[in-house]
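Just remember that this note's numbering sits 2 ahead of the position in the sequence shown, which is counted from 1. All residues carry an ideal CB built from backbone N, CA and C; glycine is no exception.
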Amino acid sequence: MCQYWQARIIDQQKYRPNDNRSAWQVDRSRIIHAAAFRRLQAKTQIMGIGLNDFYRTRLTHSLEVAQIGSGLLRHLKTQHANFKHFPSASLLETLCLAHDIGHPPFGHGGEIALNFMMRENGGFEGNAQTLRIVSKLEPYSNGFGMNLTRRTLLGFIKYPAFIDDLWHTFPPLNEKRSFIKADHWRPAKGLYKDDQDVFNWIIAPLSGDDKKLLSSHYQADEFRARTHYKSLDAAIMELADDIAYAVHDLEDAIATEVLTLSDWLNHAQLQLEALNSPWLNEHLNSITKRLFSEYEYERKDAIGELVNTFIINAQLVVQNADFESEILQYTVSLPDEFAAILNVLKHFVFKRLIREPKMQQVEFKGQNLLIELFSAFASDPMRLLPETTQEMWLNAHDKQENSMRIICDYLSGMSDEYAYKTYQRLFLPVS
């Protein structure tokens, strides 16, 4: 593999005698031992973190994404034995394990809150924050984060354009309303201009044409544009994430009886039957019976069958032959039949679980809590921020850099519980 993809932004001389790990194994080790990775155990996946230890957190979700990603990679390598540009297993595990470390407390509600508060300062987006954490914030080096390899950093970039270029117009602000409309303030999915130096370093080996094509985008709605392309590594990680989200979060909801057999029959099964899929025609009734069986092992068996089906039908395809770099020219996707099945499952989880009013009320609460915290810290940062964060804020301010990004970094790194406790300390009387 070309040495420039194994390069690190700085050359750290570490005393590690007899260390025979590959560059990608070193990257994986740095992720696993990072504080940002450990914090995933205290951040919401979909269902709130509470006394029920069955619920998946972002940490357990990420472990499952890594397992599914490894399965996808093994399958693809078996199907395309002569293709020499797949990521190593360690590299892909690194991406899957850390793909969510940039997500803030309170899930999508927290992301919307921070994006709203950063609307005039470069926005906020969870994937952009992931790159920022691994390349700048995690204190493994002095200012260069975990100092990961170039190809690993490229794999974290799902949306390779800048948020400032993807926001075409701000949504309207109603000064008479106390609350924002969440759908208006969903982030444009891209990178921060504050991290342009890192992005430029990552894509430095690419040709000028590849750089331009990689960052191309299209108008997605009245407010936002969306990028077209990502690297092969990022595509495998994203498919693993989609499978885990659609299947394992469905398992959570069924096991805890948040989603019932009636919900499934009246929504998901009707849409799945309408696909007229040969695979579903043979397997759907059995899948349904086992998903809602009184025996947990039968539900586990159905979940495993669904995951395996998506893995073994994944394909290596050309996303754009105009790319000169092979890791950009190729991507991974599902055939239309199985992409449609996965899409139905994803939308079922989204509409019947995430968009369920009680879940949205919890998300709304976290969203507004973060807006109030941001407003408080921004009003007097040298009084309210922790000392180390004060120093970072002051340094950014003195250099005329984006000091609001420092406040955003601090809040986005909080766990759900820590954010609640901070809010209580600032705003609620002591009982």
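- Residue Leu116 holds the alpha-carbon nearest to the alpha-carbon of Ser377 among His105, Leu116 and His219.
- By the CB criterion at 7 angstroms, Ala130 and Leu193 fall inside the cutoff.
- Secondary structure of Phe312 (DSSP, three-state): helix.
- DSSP, read as helix, strand or coil, puts Ala163 in coil.
- Contact between Asp166 and Gly128 is absent: CB atoms are separated by about 17 angstroms, not below the 8 angstroms threshold.
- Unbroken alpha helix (DSSP H) runs of no fewer than 4 residues, entirely contained in the stretch 190 to 220, are found at 198 to 204 and 210 to 216, following chain order.
- In this structure the stretch 306 to 317 touches the stretch 66 to 76; the number of beta carbon pairs closer than 8 angstroms is three or more.
- CA-CA distance, Arg134 to Gly104, rounds to 8 angstroms.
- Between the stretch 253 to 266 and the stretch 354 to 368 there are three or more inter-stretch CB-CB distances shorter than 8 angstroms, so the stretches are counted as touching.
- By the criterion of at least three beta-carbon pairs nearer than 8 angstroms, the stretch 142 to 158 is in contact with the stretch 7 to 15.
- Rounded to the nearest whole angstrom, the CA to CA distance from Asp211 to Gln221 is 21 angstroms.
- If you check the CB distance, Ile409 and Ala380 come in under 7 angstroms.
- Residue Thr171 holds the alpha-carbon nearest to the alpha-carbon of Trp187 among Gln198, Asp199, Asp197 and Thr171.
- A residue is called buried once 16 or more other Cβ atoms fall within 10 Å of its Cβ, and Pro106 is buried on that count.
- For Thr258, no beta strand (DSSP E) segment is defined, and its DSSP state is neither H nor E.
- The alpha carbon of Leu234 has as its nearest neighbour, out of Leu94, Lys401, Tyr420 and Leu413, the alpha carbon of Leu94.
- Assignment of beta-bridge partners to Tyr332 by DSSP yields Val320.
- Beta-bridge pairing by DSSP links Trp169 to Arg226.
- Of the candidates Val200, Ser92 and Pro174, Val200 places its Cα closest to the Cα of Ser137.
- Within the model, the alpha-carbon separation for Gly306 versus Glu259 is close to 19 angstroms.
- Inside the stretch 86 to 166, DSSP marks whole alpha helix (DSSP H) runs of 4 or more residues at positions 91 to 100, 109 to 119, 128 to 134 and 152 to 158, from first to last along the chain.
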